[in-house]
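Visitor: For reference, the structure I am asking about is given below.
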Ligand code: PLP
């Protein structure tokens, strides 16, 4: 595989952009490779600057559930741009997408659009603090909620990959209000609450952790969080930036039947354009400026192109049998990879919820960050590089989720399984 053009672009990029990339995991550092520069993607195929094609399981880190360049989305965005790309004034499109989100997500009665998942979680936390008049928050080790200061504490994703859970530049005074519990361990939550009686504003959780690999909630975990929050007057926030419209049309809260007080969204609701959103109960959301005093704003919030891409994407997700088809394809792939590892005698622990999955390079059950951290990241890196050579584009870190799209067909799934079989055998 020739990657001379990507290598040359990476050399140039490093001169002008820190580390050569605009988001750290893209640099492929933890897998000991140079990043591929991408020039286009259509369906489930992504093409690099040297014209190599790969089957894509990154899907822009989650948004591309329809695959890339779905014609209906492309057409709608083209039409929208001809009417102007940003007005800084309200549009009907914002009401349309807000309605669609409210109809879909059980906990959301009102919603505000922002431009990224980070903004969504940061703003949701400010609102929860304003609502409760309390300062402390609880998050879970290995869960990533974007890069706001308060949330860069024991974060997963890139922070886990690089082993710098607490970033330099985050003031101690800010981090001290972030308490960290263990995912899937209600005891660790209760303990923190007992030690900080009447001081905790909110618990923020990825209902299916997707930023330490994919870690589903154990039985009773989300229900337990709900009941703790009810009895302690704490706002429960589900960060569904990744899981929203991904594991079910109504997100993880629909799948597991547990309704938080607030929800954050992003990725899919922007159809590949920069979008985030946060929403929840009316009595909380009404405290937001200008109807209330909790300030939040954005020049490009509710951007008409992003709203259009989101609306068209959500319409397509409503097609009969969409999630059933995605489930079938994803199951076949995850089962195939598990079986490929088994037949090669290679120990892995496979997790999957719908079209989110992770192949952990460990024989331990993974249920939280300490168990995820038992993975053999060197073996994963070798596997990643071999898969890439065979035309399979996986997320360049052990601690990320792989995404299947509706554009993946049987042929691509079988090709991926065959590639995995030979890579496991070669490890
Ligand atoms: N929350 C979760 C669960 C995420 O997975 C991410 C990003 O991957 C974010 C928040 C941050 O979103 P963004 O990268 O759009 O700021």
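In the numbering used here, the protein residues as written are 5 to 431.
Here a beta-carbon is modelled for each residue, glycine too, at the ideal position from N, C-alpha and C.
(1) In angstroms, rounded to a whole number, what distance separates the CA positions of residue 173 and residue 127?
(2) Go ahead and label residue 85 buried or exposed: buried means 16 or more other beta carbons lie within 10 angstroms of its beta carbon, across all protein chains shown.
(3) In the segment 225-292, which residue ranges form an unbroken beta strand (DSSP E) of at least 3 residues, counting only runs that do not cross its ends?
(4) As a quick exercise: from 92, 36 and 14, pick the residue whose alpha carbon is nearest that of residue 26.
(5) Measuring straight from C-alpha to C-alpha, what distance separates residue 235 and residue 39?
(6) Is it buried or exposed for residue 400, if we count other Cβ within 10 angstroms and need 16 for buried?
(7) CB-CB under 6 Å to residue 175, same chain, minus the five flanking residues each way: which ones, in chain order?
(8) Output the residues surrounding ligand 1, defined as those with a CB atom closer than 5 Å to any ligand heavy atom, in chain order.
(9) Going along the chain, which unbroken runs of the alpha helix (DSSP H) with 4 or more residues stay wholly within the segment 375-399?
(10) In the DSSP assignment, find the unbroken alpha helix (DSSP H) run with residue 16 in it and report its ends.
(11) In angstroms, rounded to a whole number, what distance separates the CA positions of residue 300 and residue 135?
(12) Which value, in whole angstroms, describes the spacing of the CA atoms of residue 189 and residue 219?
(13) Would residue 8 be called buried (16 or more neighbouring beta carbons within 10 Å of its own) or exposed?
(14) Going by DSSP, what residues sit across from residue 335 in a beta bridge?
(15) How should residue 5 be labelled, buried or exposed, when 16 other C-beta atoms within 10 angstroms of its C-beta is the threshold for buried?
(16) Under three-state DSSP, which class holds residue 106?
(17) In the DSSP assignment, find the alpha helix (DSSP H) that holds residue 319 and state where it starts and stops.
(18) Kindly indicate which residue of 420, 120, 425 and 426 has the alpha-carbon position closest to the one of residue 48.
(19) Would you check if the distance between the CB atom of residue 187 and the CB atom of residue 145 is smaller than 9 Å?
(20) Tell me residue 451's beta-bridge partners as DSSP assigns them.
(21) When burial is assigned at 16 or more other CB atoms within 10 Å of the CB, is residue 177 buried or exposed?
(22) Excluding the five sequence neighbours on either side, which residues of its own chain have a C-beta within less than 6 Å of the C-beta of residue 290, listed in chain order?
(23) Three-state secondary structure (DSSP) at residue 212?
(24) Can you tell me whether residue 430 is buried or exposed? The criterion is at least 16 other CB atoms within 10 Å of its CB, across all chains shown.
(25) Using 8 Å as the threshold, is the segment 202-212 in touch with the segment 250-263, meaning 3 or more CB pairs across them?
(26) Taking just the CA atoms, how far does residue 338 sit from residue 377?
(27) Please classify residue 21 as buried or exposed, where buried requires at least 16 other C-beta atoms within 10 Å of its C-beta.
(28) Using beta-carbon positions only, say whether residue 269 and residue 358 come within less than 9 Å of one another.
Guide: Taking the geometry as given:
(1) 20 Å
(2) Under this definition residue 85 is an exposed residue.
(3) 239-243, 266-270 and 280-284
(4) 14
(5) 48 Å
(6) buried
(7) none
(8) 120, 121, 122, 149, 150, 210, 243, 245, 246 and 270
(9) 381-393
(10) 8-20
(11) Distance between the alpha carbons of residue 300 and residue 135 is about 14 Å.
(12) 13 Å
(13) exposed
(14) According to DSSP, which records beta bridges pairwise, residue 335 is partnered with nothing at all.
(15) Residue 5 counts as exposed, since fewer than 16 other beta carbons sit within 10 angstroms of its beta carbon.
(16) Residue 106: helix per DSSP, three-state reduction.
(17) 308-321
(18) 420
(19) Contact: yes.
(20) The question about residue 451 has no answer here: the residues shown for the chain are numbered 5 through 431.
(21) exposed
(22) 296
(23) Here residue 212 carries a coil assignment [DSSP, helix/strand/coil].
(24) Within 10 angstroms of the beta-carbon of residue 430 lie fewer than 16 other beta-carbons, which makes it exposed.
(25) Three or more beta-carbon pairs separated by less than 8 Å link the segment 202-212 to the segment 250-263, which places the two stretches in contact.
(26) 21 Å
(27) exposed
(28) no
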